[in-house]
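Residue numbers (the numbering used here), protein chains in the order written: chain R, 1 to 300; chain V, 301 to 600.
Set out below in structure tokens:
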């Protein structure tokens with residue numbers, strides 16, 4: 001049995017390409033993923049109940065056997081944890097989760113780590129007033145942020161808003177600053193929608209970086225700070241967490257750099273050539289999320 | 301008097317930002333530039349006449365004095381040469397020259413080195429069939445090129461054609477190839493139009509390069525091959541040519557890498573911060589083309 005699956009207490013899941021394939025029609029769930037999430041979550045609830053049954057000091061060590069320390073720490077924190085760790089910037093978390101629930105996924109807003117709220121935190125922290133080049137449906141996430149007289153540009157996956165005029169406007173805001181500040185919500189190259197591959201925010205980030213001779217600050221995967229937030233919100237240390245994603249660089253490489261194990265699924269934008277990536281090697285490949293969860297649960 | 305201005309026999313001129321400022325309204329000439337081109341051209345004609353007057357071997361050395369060899373070589377080639385060395389890809393050469401003539405510039409189609417014809421040469425040479433992402437007005441330059449079943453993408457300054465849909469389409473053509481071939485007509489970061497700065501083709505080139513993990517082949521400045529074509533078409537060796545442009549990297553840096561001297565004008569997209577460029581240092585700064593031509597002609 002696979003060694004990578006041992007002592008996992010927290011799952012970080014990429015969403016698009018792992019839970020569902022996105023698309024103009026709202027997208028379609030990937031077969032088996034909703035059941036896999038449910039299996040994981042219900043095993044977590046079971047573990048929580050076990051915590052109460054065995055929480056009499058002294059008895060425990062006898063009951064838990066040779067691997068007792070790891071199992072105790074696992075049970076102590078009220079069971080298994082799940083976190084959606086997404087670079088999704090085409091919707092607010094509320095609408096995003098509502099869509100997933102509509103597809104049968106048992107997830108809640110409190111389980112989502114996404115770039116826009118993380119960016120808002122940074123904007124407030126540094127007194128930055130953004131010019132937004134983002135998807136219309138993401139704008140409400142920035143409702144409480146002062147956007148007058150911008151002193152930075154925040155770039156998300158703006159999709160149809162990536163017009164020539166809008167990109168020029170963001171460029172002019174940046175080039176007019178003494179020290180341009182460009183905050184990019186992720187740096188993905190492309191993603192898969194139901195009607196084919198689409199350019200992601202990273203491509204437009206590179207365009208503006210080049211035009212303005214500036215390096216963007218990436219909020220979202222693969223930023224270390226972003227993964228660390230997700231781990232902290234989940235309350236699981238890196239060595240007990242596993243990231244599952246379809247993006248070899250942003251999901252797998254990013255998570256590994258934070259000390260997590262990471263799997264690449266063969267769904268979403270996965271391409272066979274990913275398996276020869278020069279820099280990043282996942283701890284394992286799995287055909288899909290369902291297979292990953294099966295293997296991990298069998299190890300427990 | 302400036303040493304850089306000595307023994308110049310061929311002028312390579314960038315066009316946008318040196319002869320005129322482009323814009324949706326067709327653009328406006330830069331003060332003094334049309335007269336400067338005329339002064340240079342008429343001095344060239346004068347030199348041609350002198351060739352006949354003094355072409356009696358033996359007399360010459362006495363007449364030409366101490367700097368005779370350089371002057372003889374200068375006169376021998378029928379006077380001074382002019383070449384428009386442009387990355388313009390928003391119009392065919394014919395329409396481009398017609399516009400310049402309409403602004404009072406004494407130039408002809410045969411004096412233009414531009415990326416689209418150079419790209420057509422490469423496409424034919426290598427049997428490449430392009431998917432074009434270019435300005436509508438440039439398409440006629442590719443009239444004789446087979447564009448069925450594309451096996452490369454040719455990217456120009458497509459301006460309003462840089463829609464989200466068009467960029468996605470070019471991306472999909474590239475990502476579908478085993479070895480993506482991206483040919484970019486220039487790699488400029490931005491240029492100045494009458495209503496402000498605009499993103500140039502280089503920004504979109506970077507977006508596609510990043511998305512497809514490919515390096516574009518640049519046809520146009522600052523490619524060495526492109527400058528060498530311009531010199532060959534002008535019939536002047538690099539050491540007797542001088543490039544005058546407003547782009548510190550693509551005009552000045554590119555020309556210097558070919559062994560030419562190069563000036564940056566303080567017109568067009570010139571910005572004071574260019575004078576602190578970490579890698580490129582022009583042979584001189586001039587306020588505008590008129591000043592450059594004055595100084596060069598005074599050296600003769």
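All C-beta atoms in this analysis are idealised placements derived from N, C-alpha and C, irrespective of residue type, glycine included. In this text, all values refer to a predicted model and were calculated from it rather than measured experimentally.
Legend entry - Rounded C-alpha distance that separates residue 278 of chain R from residue 298 of chain R: 31 Å
Inset, instruction - Return no unless some Cβ of chain R is closer than 8 Å to the Cβ of residue 475 of chain V. - result: yes
Legend entry - Opening and closing residue of the beta strand (DSSP E) in which residue 196 of chain R lies: 196 to 199
Legend entry - Residue-level contact to chain V via CB, residue 164 of chain R, 8 Å cutoff: yes
Inset, instruction - Compare the C-beta of residue 172 of chain R with all C-beta atoms of chain V and state if any pair is closer than 8 Å. - result: yes
Legend entry - Inter-stretch contact at 8 Å, needing at least 3 Cβ pairs: the region 528 to 536 of chain V / the region 498 to 518 of chain V: no
Legend entry - Assigned exposure category for residue 524 of chain V - 16 Cβ within 10 Å defines buried: exposed
Legend entry - CB of residue 175 of chain R within 8 Å of CB of residue 152 of chain R, strictly: no
Legend entry - Within-8 Å CB hit, residue 189 of chain R to chain V: yes
Inset, instruction - Step through the CB atoms of chain R and report whether any lies within less than 8 Å of the CB of residue 570 of chain V. - result: no
Inset, instruction - Output the residue ranges of the beta strand (DSSP E) runs that lie fully inside the region 436 to 493 of chain V and measure 3 residues or longer, sorted by chain position. - result: 452 to 455, 482 to 485, 490 to 493
Legend entry - Euclidean distance between Cα positions of residue 86 of chain R and residue 459 of chain V: 33 Å
Inset, instruction - Give a yes or no on whether 8 Å exceeds the smallest Cβ distance from residue 320 of chain V to chain R. - result: no
Inset, instruction - Ignore the nearest five residues each way along the sequence and tell me which others in residue 88 of chain R's own chain have a CB closer than 7 Å to its CB. - result: 15, 16, 96, 114
Legend entry - residue 293 of chain R vs residue 119 of chain R beta-carbon contact at 8 Å: no
Legend entry - DSSP beta-bridge partners of residue 431 of chain V: V:453
Inset, instruction - Keeping to the same chain, check which residues put their C-beta closer than 6 Å to that of residue 260 of chain R; ignore five residues upstream and five downstream. - result: 238, 241, 243
Inset, instruction - Taking C-beta pairs closer than 7 Å, name the residues in chain R that residue 467 of chain V reaches, listed in chain order. - result: 199
Legend entry - Short-range partners of chain R found in the region 504 to 533 of chain V, where Cβ spacing is below 9 Å: 504, 505, 506, 507, 508, 509, 510, 511, 512, 513
Inset, instruction - Decide if residue 127 of chain R is buried, meaning its Cβ has at least 16 other Cβ atoms within 10 Å, or exposed. - result: exposed
Inset, instruction - Return yes when at least one heavy atom of the ligand FMN lies under 7 Å from the C-beta of residue 178 of chain R, else no. - result: With respect to the ligand FMN, the structure offers nothing, as it holds no ligand at all.
Inset, instruction - For residue 202 of chain R, return the contacting residues in chain V, with the cut-off set at a CB-CB distance below 7 Å. - result: 510
Inset, instruction - Could you tell me whether the Cβ of residue 331 of chain V comes closer than 8 Å to any Cβ of chain R? - result: no
Inset, instruction - Examine chain R for any beta-carbon lying closer than 8 Å to the beta-carbon of residue 496 of chain V, and answer yes or no. - result: yes
Inset, instruction - Assuming residue 25 of chain R contacts residue 268 of chain R (C-beta within less than 8 Å), just tell me the rounded distance between them. - result: About 16 Å separates the two Cβ atoms, so there is no contact after all.
Legend entry - Unbroken alpha helix (DSSP H) run spanning residue 264 of chain R, endpoints: Element bounds for residue 264 of chain R: not the alpha helix (DSSP H) but the beta strand (DSSP E), 261 to 265.
Inset, instruction - Using DSSP bridges, identify the partner residues of residue 600 of chain V. - result: The partner list for residue 600 of chain V (beta bridge, DSSP) is empty, contrary to what the question assumes.
Inset, instruction - Return no unless some Cβ of chain V is closer than 8 Å to the Cβ of residue 159 of chain R. - result: yes
Inset, instruction - Would you mind reading off the limits of the alpha helix (DSSP H) that contains residue 402 of chain V? - result: 393 to 402
Inset, instruction - Report the residue from V:473, V:303, V:574 whose alpha carbon sits nearest the alpha carbon of residue 509 of chain V. - result: V:473
Legend entry - Selected residue, minimal CA-CA separation from residue 381 of chain V, among V:406, V:341, V:305, V:407: V:341
Legend entry - CA-to-CA distance, residue 435 of chain V to residue 467 of chain V, given in whole angstroms: 13 Å
Inset, instruction - Under 6 Å Cβ to Cβ from residue 422 of chain V, same chain only, skipping five residues before and after it: list those, please. - result: none
Inset, instruction - Identify whether residue 558 of chain V lies in helix, strand or coil by the three-state DSSP scheme. - result: coil
Legend entry - Opening and closing residue of the alpha helix (DSSP H) in which residue 224 of chain R lies: 224 to 234
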